[in-house]
Amino acid sequence: MKKKKSIKNSLINLFLFLMLLVGLALVFNEPIKTFLLKQRSNQYRVSDITKDQIAENKKKETTFDFDAVEAADLESVLRGTFSDEDLYVLGGIAIPSVSINLPIYKGLSDAAITFGAGTMTPEQEMGEGNYSLASHHMINPEILFGPLVNIQLGAPIYLTDLEYIYEYTVTYKEYVAPTRVDLLDIVPDKTLLTLITCDYTGANRLAVQGELAKKTPIKEASPEIADAFGLSINR
């Protein structure tokens, strides 16, 4: 009888322990994911690379299959954090009004849009045509492209390839269907930037577009813009 009671108590204790683990996982899921995302993203800040590295990265082959991108759950973040996948930095995007400062990677791999912003088409160039970027929208609204929900029309968006600062002015912000690939089209007589992220449900997309307002040699960038990228500029 005592043996059966002991086994029963052990099973109860094991069940309670497993429930505790599940509870801890649910509580700390988002903080762990946020920490890992920021750590990996910080490794690729545009302030830590060179123009020569960017030039080499432009030549690299990578994927542009947006349909193959998975949701950024803890498992995929862990997988990306500890994988040896190369991420090819092409520059950076900074939006001071909503506290965005992210590396721009070539391509649309899971890692690219989980740890920064990925380019959506192979041949696009900053300051030309319709430069299109995608990134995840996480539960934490302060990371990746989550803050775009708060961006206002008229806000400045800055890109850099370490040669120039490209300043765009926000002219469009809408929730759209995933089928709105026309937003990536080149528009005659306009030089556009298009930013795409999921809405909070994952069913639709938030699209933000801006028009090029100014192109400035990086050595002539204002201290405020340099600070937005974390850059130290020798004038």
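If you're matching positions, the sequence shown starts at 121 in this note's numbering and goes up one per residue.
Even glycine gets a Cβ: it sits at the ideal position worked out from N, Cα and C.
This structure is a prediction, so every number in the text was calculated from the model and none was measured.
Beta-bridge pairing of residue i - partner residues as DSSP gives them
i           : result
residue 287 : 278, 334
residue 329 : 292, 314
residue 320 : Answer is none; residue 320 lacks a bridge partner.
residue 239 : 253
residue 223 : 212
Other residues of its chain near residue i: CB distance less than 6 Å, five sequence neighbours each side excluded
i           : result
residue 265 : 255, 257, 317
residue 292 : 329
residue 215 : 277
Buried or exposed by the 16-neighbour rule on C-beta atoms within 10 Å, applied to residue i
i           : result
residue 287 : buried
residue 349 : buried
residue 232 : buried
residue 319 : exposed
residue 229 : buried
residue 333 : exposed
residue 282 : buried
residue 322 : exposed
Pair within 9 Å by beta-carbon distance, residue i and residue j
i           : j           : result
residue 226 : residue 178 : yes
residue 391 : residue 278 : A question about residue 391 goes unanswered here, because the residues of the chain that appear run from 121 up to 355.
residue 325 : residue 296 : yes
residue 241 : residue 304 : yes
residue 219 : residue 275 : no
residue 338 : residue 285 : yes
residue 238 : residue 311 : no
Sequence-distant residues of the same chain with beta carbon closer than 8 Å to residue i, five excluded per side
i           : result
residue 245 : 251
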